[in-house]
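Here is the structure we will look at.
Residue numbers (the numbering used here): -5 to 433.
Okay, here's the thing in structure tokens:
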């Protein structure tokens, strides 16, 4: 009996097994078809950043808690930023040497004494014993320099040295116990917070906020040696020589120029990085001047075709000055400088900046391309000769703030001939004798 029942169960299982297998095959086929259809009908979506990548790119605060104020950084830095007032003596009117004409001009409101033309700017304290860094154009031609400190004190300052090629200057006050502003050690990055501190338009110490928009900006035609930090922190006339600091209140640059067609801030300002400030500052304090390396060549960047995937780099030598270091090393017109000390010279500005940061008597190992062949050339730098100052482009303005130029107005006064001057003098004498003053 038991054996018969087992036989029936096996028969039933064998009877239904093909149908079960058929259902499984149909289910698999339906699933595969549905999956292929859904894949073909799926909409394209842009790539998304993963949660891990988003967390890695989140800005890191100075403190664990979210930043709601930069008061501590500003308080730390602002005590090291000063306001600078410079006075340039303007010569008196050329006719003031005549007593009669002097009386006439004084009666009509003229001033016989020499007048002063006042400029405004900013500066940064860099030592406890009174050294201050500012822009060269702030103290240019100044007869008297007054420094106003954050705590209300004031002091006269003298010029230690200026470097027009980088637009930097060092002045000194006879004071001790000052608070110097610390220089940032870590390299700055695009996107880092930037705070500009200065004295715009003479309204008093002001702080504006932005970010580092770019680094290594060159080719502006402002200075001979350019390696600017670009920022969108508002910089206006009077900010020249002021501090550009980070979120910790550490100095990252000296504000110097803005790109503007109206004279106001358009969100494109430039600062001199601390790497250049430190080099120039130390040289001015030690020697009163900056000595830079000099090659003695005229160069241009290799022309690049934007339609070609492979473009050549390097700097072409257009001219070699006689008896210059380049001439002594054997460089020739037409040579293409590819690298110096193993660093690729991508364009003319890169080469100029690299050489300018080297001291005289430094030896450079250059790889050049001459007539299709690579060659190694050793060049011993010499002292760079003095050159004429660079004129600012119309769209790039230094952030000094000046009162009306009285000297230029006086220079436009038409000069009288001797005969006209004598005739006017006689007429004035008659008026003075009759009425005591001209009517």
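We put the CB at the ideal spot given by N, CA and C, even for glycine. Treat the numbers as computed from the prediction; the structure is a model and nothing was measured.
Where do the ends of the alpha helix (DSSP H) carrying residue i lie?
{"i": "residue 281", "result": "268 to 281"}
{"i": "residue 133", "result": "130 to 133"}
{"i": "residue 333", "result": "From DSSP, residue 333 is part of no alpha helix (DSSP H) but of the beta strand (DSSP E) over 330 to 334."}
{"i": "residue 345", "result": "342 to 350"}
{"i": "residue 321", "result": "319 to 323"}
Identify the residues that DSSP records as bridge partners of residue i: which are they?
{"i": "residue 288", "result": "376"}
{"i": "residue 77", "result": "116 and 142"}
{"i": "residue 152", "result": "166"}
{"i": "residue 263", "result": "225 and 252"}
{"i": "residue 247", "result": "238 and 267"}
{"i": "residue 338", "result": "333"}
Evaluate residue i with the Cβ neighbour count: other Cβ atoms within 10 Å of its Cβ, from every protein chain shown; 16 or more gives buried, anything less gives exposed.
{"i": "residue 41", "result": "Caution applies to residue 41, whose pLDDT of 47 falls short of 50 and renders its modelled position unreliable; the model cannot decide the point."}
{"i": "residue 413", "result": "exposed"}
{"i": "residue 131", "result": "buried"}
{"i": "residue 11", "result": "exposed"}
{"i": "residue 444", "result": "The question about residue 444 has no answer here: the residues shown for the chain are numbered -5 through 433."}
{"i": "residue 118", "result": "buried"}
{"i": "residue 344", "result": "buried"}
{"i": "residue 170", "result": "exposed"}
{"i": "residue 417", "result": "exposed"}
{"i": "residue 25", "result": "exposed"}
{"i": "residue 208", "result": "exposed"}
Please tell me whether residue i and residue j are closer than 7 Å, where the distance is taken between their beta carbons.
{"i": "residue 188", "j": "residue 204", "result": "yes"}
{"i": "residue 372", "j": "residue 357", "result": "yes"}
{"i": "residue 75", "j": "residue 141", "result": "no"}
{"i": "residue 201", "j": "residue 311", "result": "no"}
{"i": "residue 270", "j": "residue 290", "result": "no"}
{"i": "residue 247", "j": "residue 128", "result": "no"}
{"i": "residue 177", "j": "residue 224", "result": "no"}
Taking the continuous beta strand (DSSP E) assigned at residue i, which residues delimit it?
{"i": "residue 203", "result": "200 to 211"}
{"i": "residue 357", "result": "357 to 364"}
{"i": "residue 190", "result": "187 to 192"}
{"i": "residue 66", "result": "Note, residue 66: premise wrong, no beta strand (DSSP E); alpha helix (DSSP H) at 65 to 72."}
{"i": "residue 310", "result": "309 to 314"}
{"i": "residue 238", "result": "237 to 239"}
If distances are taken between C-alpha atoms only, which option among the options comes closest to residue i?
{"i": "residue 351", "options": "181, 337, 311 and 285", "result": "285"}
{"i": "residue 206", "options": "219, 185 and 220", "result": "185"}
{"i": "residue 166", "options": "160, 159 and 174", "result": "174"}
{"i": "residue 335", "options": "322, 327, 378 and 374", "result": "374"}
{"i": "residue 153", "options": "292, 219, 309 and 168", "result": "168"}
{"i": "residue 329", "options": "318, 366 and 222", "result": "366"}
{"i": "residue 63", "options": "199, 79 and 243", "result": "243"}
How about residue i: is its C-beta nearer than 7 Å to some C-beta of chain B?
{"i": "residue 355", "result": "In the structure shown, chain B does not exist; there is a single protein chain."}
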